[in-house]
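Enquirer: What follows is a single structure, and I will ask about it in a moment.
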Ligand SMILES: Nc1ncnc2c1ncn2[C@@H]1O[C@H](COP(=O)(O)OP(=O)(O)OP(=O)(O)O)[C@@H](O)[C@H]1O
Ligand SMILES: [Mg+2]
C-alpha cells in the first residue's frame, strides 16, 4: 500500500491538432491524491479537466510524465494492463450516466462485476444493498429507461462503487441535473465514497459543490493550482 492512490508527476498532454501542430492541454501537472480524500477539480470549459480524469483512469496515455495508480505505473503499462488496473481500482461516474436502458437497475449496477468475472450471487447481493442505500431498493428489478436523471445517476453511483474501488473519478456528475437533485447526488457520492473508504476526484462547475470537498484543484493554462481562487 502506498500513501497515495493517485499520483501524477510532470504530466503533459498534447493533443494532435493536425498539420503537425499540437494543443497542449496539460503542461506539467503534479498531483497526489491520498487514500480516502475527496478533491474537487475545477477550471474553465476546455481547460483539460476531462483529459486529466482520462489520464488518471488510464483511458488516455499522457505525452509526458508519469501516472501512478495504486502504486502501479500506468504510463509504463500496456493497454490491457491499464484496463485491468482500472477495473480493479477505479469507479467511474459520468455526466450522462451511461446506463444500459433495457437492463434493470440491478443489472446495470452488476455489470462491472460480470465483466470482472466476480461471483454472480455476491454481485447481485451487493448491487441490491447499494441500491437500497440510495433509496432505490424497491425498484431494483425495473428497467432503467424510465427513471429520472437523478435516479439514473444514483444507479450509476452504485455501479461505480460495486467493486469497492479505492478511487472514484466523477466527471461533472451533477452536470445534467437541477440544483437540488445535483446537491442530493453529490451528498450521496461524498457520503458513500467516504463510507467505503475510497478517494474521490470530481469535476464540477459549481463553487458550492466544489466547497464540499476536502480541497479543490484548479486547472489554469495547463497547470494545476491549489485552491478555488483563479
Ligand atoms: N481525444 C482528443 N483528441 C484531441 N483533442 C482533445 C481530445 N480530448 C480533448 N481534447 C481537447 O483538449 C482540450 C481540453 O478538453 P477537455 O475535454 O479535457 O476539457 P474540459 O476541461 O473537460 O472541458 P468541459 O468543462 O467543457 O468539459 C480541448 O481543447 C479539447 O478539444
Ligand atoms: Mg469535461
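In my numbering, the protein residues as written are 28 to 257.
Glycine included, every Cβ here is placed at the ideal spot set by N, Cα and C.
Just to confirm the assignment, what range does the beta strand (DSSP E) spanning residue 117 have?
Expert: From DSSP, the beta strand (DSSP E) with residue 117 extends over 117-120.
Enquirer: Expressed to the nearest angstrom, what Euclidean distance is found between the alpha-carbon atoms of residue 257 and residue 245?
Expert: Below a pLDDT of 50, predicted positions are generally treated as unreliable, and residue 257, at 43, falls in that range; the measurement from the model is reported next regardless. For residue 257 and residue 245, the distance between alpha carbons rounds to 7 angstroms.
Enquirer: From this set, 70, 72, 107, 98, which residue's C-alpha is nearest residue 87's C-alpha?
Expert: Residue 87 has its Cα closest to that of 107, out of 70, 72, 107, 98.
Enquirer: Can you name the start and end residues of the beta strand (DSSP E) that residue 88 belongs to?
Expert: Note, residue 88: premise wrong, no beta strand (DSSP E); not H, not E.
Enquirer: My output table needs one value for residue 212: the three-state DSSP class, helix, strand or coil.
Expert: DSSP places residue 212 in helix when its eight states are reduced to three.
Enquirer: Taking 7 angstroms as the cut-off, is the CB of residue 258 close to at least one heavy atom of ligand 2?
Expert: With the chain running from 28 to 257 in the structure shown, residue 258 is simply not present.
Enquirer: Measuring only the C-alpha atoms, how far is residue 227 from residue 189?
Expert: Taking the straight line joining both Cα atoms gives about 15 angstroms.
Enquirer: Report the CB separation of residue 61 from residue 31 in whole angstroms; it is logged as a contact under 8 angstroms.
Expert: Contact flag correct, Cβ pair sits at about 6 angstroms.
Enquirer: Could you tell me the boundaries of the beta strand (DSSP E) in which residue 31 lies?
Expert: 31-45 is the extent of the beta strand (DSSP E) around residue 31.
Enquirer: Using a Cβ-based criterion (distance less than 7 angstroms to any ligand heavy atom), does residue 50 qualify as near ligand 1?
Expert: At least one heavy atom of ligand 1 is nearer than 7 angstroms to the Cβ of residue 50, so yes.
Enquirer: In chain order, what are the residues with a CB under 7 angstroms from some non-hydrogen atom of ligand 2?
Expert: Every residue passing the under-7 angstroms Cβ criterion appears here: 76, 77, 198, 199, 230.
Enquirer: Please say whether residue 217 and residue 284 have beta carbons closer to each other than 8 angstroms?
Expert: Any answer about residue 284 is impossible in this case: the structure gives the chain only from 28 up to 257.
Enquirer: Would you say residue 70 touches ligand 4, meaning its beta carbon is less than 7 angstroms from a heavy atom?
Expert: The model depicted lacks ligand 4 and carries ligand 1 and ligand 2 instead.
Enquirer: Per DSSP, what kind of secondary structure is residue 58 in: helix, strand or coil?
Expert: Strand at residue 58.
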